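Whatever position you read off the sequence shown (first residue = 1), add 68 for our numbering. Glycine included, every Cβ here is placed at the ideal spot set by N, Cα and C. This structure is a prediction, so every number in the text was calculated from the model and none was measured. Following: one structure in structure tokens, then a few remarks.
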Amino acid sequence: MEVNLTIRNYQPCDHDALAQIYLQSRIRTFYWLDTTPYALADFNADTLGETLIVALVGHEPVGFLSIWEPDNFIHHLYVHPQHVGKGIGKALLNKAALLFDAPLKLKCLKQNEHALAFYQSQGWAAFGGGEDINGAYLELTNKLSVS
Numbered sequence: 069m070e071v072n073l074t075i076r077n078y079q080p081c082d083h084d085a086l087a088q089i090y091l092q093s094r095i096r097t098f099y100w101l102d103t104t105p106y107a108l109a110d111f112n113a114d115t116l117g118e119t120l121i122v123a124l125v126g127h128e129p130v131g132f133l134s135i136w137e138p139d140n141f142i143h144h145l146y147v148h149p150q151h152v153g154k155g156i157g158k159a160l161l162n163k164a165a166l167l168f169d170a171p172l173k174l175k176c177l178k179q180n181e182h183a184l185a186f187y188q189s190q191g192w193a194a195f196g197g198g199e200d201i202n203g204a205y206l207e208l209t210n211k212l213s214v215s
């Protein structure tokens with residue numbers, strides 16, 4: 069589905085909408101975890117020091133990607149549930165690949181099958197994995213020459 073999509077750097081006016089997207093998307097996505105401690109304030113703490121790029125439909129923020137630049141690590145990629153399947157996640161990943169020349173990496177919980185399928189459909193491949201307090205995860209990259 070085609071949308072009037074703009075991708076740009078984060079601006080302070082995006083904060084409230086992105087905090088809401090972050091909270092609601094995590095509650096919906098991580099249904100197997102205890103999400104009761106999740107709060108709007110998590111957005112500030114969980115993106116501190118990261119570079120954010122924002123997807124807008126018209127003037128409305130509908131998704132974001134945050135990256136920890138020292139490691140070229142995509143820490144967050146969230147799209148408003150009403151806008152999933154419209155190419156927004158793909159556009160955010162493509163913009164990140166243009167902004168950061170080195171291979172990008174991310175971590176995805178194995179139980180998050182929808183996200184894993186999405187990343188694989190975009191050409192991302194597993195190069196490692198492990199387990200943390202949220203469960204087993206895969207480490208993925210957009211370029212297989214990750215060290």
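What three-state label does DSSP hand residue i in the structure shown?
i	result
Phe132	strand
Glu137	helix
Leu116	coil
Tyr187	helix
Leu172	coil
His151	helix
Phe195	strand
How close, in whole Å, do the beta carbons of residue i and residue j come, if the pair is a contact with beta carbons under 8 Å?
i	j	result
Leu174	Asn202	Going by Cβ atoms, the distance from Leu174 to Asn202 rounds to 14 Å, so no, they are not a contact pair.
Leu86	Phe141	So it is not a contact: roughly 19 Å between Cβ atoms.
Ile75	Leu161	Actually they are not in contact, since the Cβ atoms of Ile75 and Leu161 sit about 10 Å apart, beyond 8 Å.
Going by the beta-carbon positions, is the gap between residue i and residue j smaller than 7 Å?
i	j	result
His148	Ile89	yes
Tyr78	Val122	yes
Gly197	Glu181	no
Leu91	Leu116	no
Name the one or two DSSP bridge partners that residue i has.
i	result
Thr74	Leu124
- the region 99-108 / the region 156-176 touching (three or more Cβ pairs under 8 Å): The region 99-108 makes no contact with the region 156-176, as fewer than three CB pairs between them are under 8 Å.
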